[in-house]
DNA sequence: AGTATTATTGCAAATTAGTTGCAATATGTC
DNA sequence: GACATATTGCAACTAATTTGCAATAATACT
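Protein chains in written order, with our numbering: chain A, 213 to 345; chain B, 213 to 345.
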């Protein structure tokens, strides 16, 4: 479902900042500042505080999720149920690549062996990208 | 190998703050502030800035590693090669539990299918602990 | 053991990421 | 189009972490 209907459905307003923020998001994890800069380059002025507030709303709506890659800040990606991936983070240049690992159902595994009920997980790999090796 | 020899070996000084910080660390991930507070309770006064500097050194020495659990701050644990574990983080109460999953060698798997050379990975599970379900 | 050298610490100030209060503005409703 | 109120921009604030620098403490040297 698209963001306009989702917002309307839940009684939130469809505003320009929200629509523009969604447009710059993708499968690549961006920080709030990077999102803000991306909008700036498109000559769209949205306050950084509003970026944070929109992201917070999108996370609550499960349209966006956040990850932390050891940099001391959050990064945001669009939720995409058909593209289950993890990240490869280069320790040297910081490049972030994706890996798909559909074959392992961690969550089920954990739920079988523990009383903890898994909602989701984050799996991040740190090492050296091809160029930095 | 113990921290005293490791420090000496690399030409770092064996100081009281460093030794005391190592003593409060364990397999449980603590934030810098929590480490500082733990020292305080033992009547050991170490400045928070020194806690950060020691942790940074320990991470570089691979004695300690840091993880981020979506709270906007880092947590630190002792490196323990014989205890390969991941975390179960309760979305409601924030409790952190460990799970062992020795059986899957992710790193090897990734190294087989990608040009990225894995050094280590972080796997975090988010959901509800037994009490919060 | 005492002194010299210099790494490390504590303290204060600075920086970075994220949050909050509030008046101005824009969205959806009638 | 006017009304009600959710959302935004702006500025100030908080939390986590970093940095500069003088004081202190750890190691080396005698």
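The beta carbon of each residue, even a glycine, is placed where N, CA and C say it ideally should be.
Which residue's Cα is closest to the Cα of residue 338 of chain B: B:318, B:305 and B:330?
Along the second chain, one-based indexing puts residue 338 of chain B at 126. That would be B:305, whose Cα lies nearest to the Cα of residue 338 of chain B.
Limits of the unbroken alpha helix (DSSP H) element including residue 304 of chain A:
Position 92 of the first chain, counting from 1, holds the residue named residue 304 of chain A. Unbroken run through residue 304 of chain A: none, as it is neither H nor E.
May I ask you to list, following chain order, the residues of the region 319 to 338 of chain B that have a beta carbon less than 8 Å from some beta carbon of chain A?
319, 321, 322, 325, 326, 327, 328, 329, 330, 331, 332, 333, 334, 335, 336, 337 and 338
State the start and end residues of the unbroken beta strand (DSSP E) segment that holds residue 286 of chain A.
Residue 286 of chain A sits at position 74 when you count from the first residue of the first chain. Where residue 286 of chain A is concerned, the enclosing beta strand (DSSP E) stretches over 286 to 290.
Using DSSP with H/G/I as helix, E/B as strand and the rest coil, what is residue 295 of chain A?
Numbered from its first residue, the first chain carries residue 295 of chain A at position 83. Of the three classes helix, strand and coil, the one that applies to residue 295 of chain A here is coil, per DSSP.
Using 9 Å as the limit for Cβ to Cβ distance, is residue 282 of chain A near chain B?
Here residue 282 of chain A refers to the residue found at position 70 when the first chain is read from its first residue. Output row for residue 282 of chain A: interface = yes.
Please check if any C-beta of chain A sits within less than 9 Å of the C-beta of residue 232 of chain B.
For the purposes of this step, residue 232 of chain B is taken as residue 20 along the second chain, with counting starting at 1. No, residue 232 of chain B does not count as interfacial toward chain A.
Within chain A, the residues that residue 278 of chain B reaches when beta carbons sit closer than 9 Å:
Residue numbering aside, residue 278 of chain B sits at position 66 when the second chain is read from its first letter. Chain A residues near residue 278 of chain B: 282.
Expressed to the nearest angstrom, what Euclidean distance is found between the alpha-carbon atoms of residue 275 of chain A and residue 216 of chain B?
As a working note, residue 275 of chain A is residue 63 in the first chain. As a working note, residue 216 of chain B is residue 4 in the second chain. Distance between the alpha carbons of residue 275 of chain A and residue 216 of chain B is about 49 Å.
Where does the unbroken alpha helix (DSSP H) through residue 270 of chain B begin, and where does it stop?
For the purposes of this step, residue 270 of chain B is taken as residue 58 along the second chain, with counting starting at 1. Element bounds for residue 270 of chain B: 260 to 272.
Among A:284, A:246, A:256 and A:273, which has the Cα closest to the Cα of residue 244 of chain B?
Counting from 1 along the second chain, the entry for residue 244 of chain B is found at position 32. For residue 244 of chain B, the nearest C-alpha among the options comes from A:284.
Does DSSP classify residue 309 of chain A as helix, strand or coil?
Locating residue 309 of chain A in the first chain gives position 97, counting from the first residue. Correct three-state label for residue 309 of chain A: strand.
Could you check if residue 260 of chain B is buried or exposed, using at least 16 other CB atoms within 10 Å of its CB as the buried criterion?
Residue numbering aside, residue 260 of chain B sits at position 48 when the second chain is read from its first letter. So residue 260 of chain B ends up on the exposed side.
Just tell me which of B:307, B:342, B:318 and B:336 has its CA closest to the CA of residue 312 of chain A.
On the first chain, residue 312 of chain A is found 100 positions in, with the first residue counted as 1. It is B:318.
Is residue 295 of chain A buried or exposed, if buried means 16 or more other CB atoms sit within 10 Å of its CB?
For the purposes of this step, residue 295 of chain A is taken as the residue at position 83 of the first chain. It counts as exposed.
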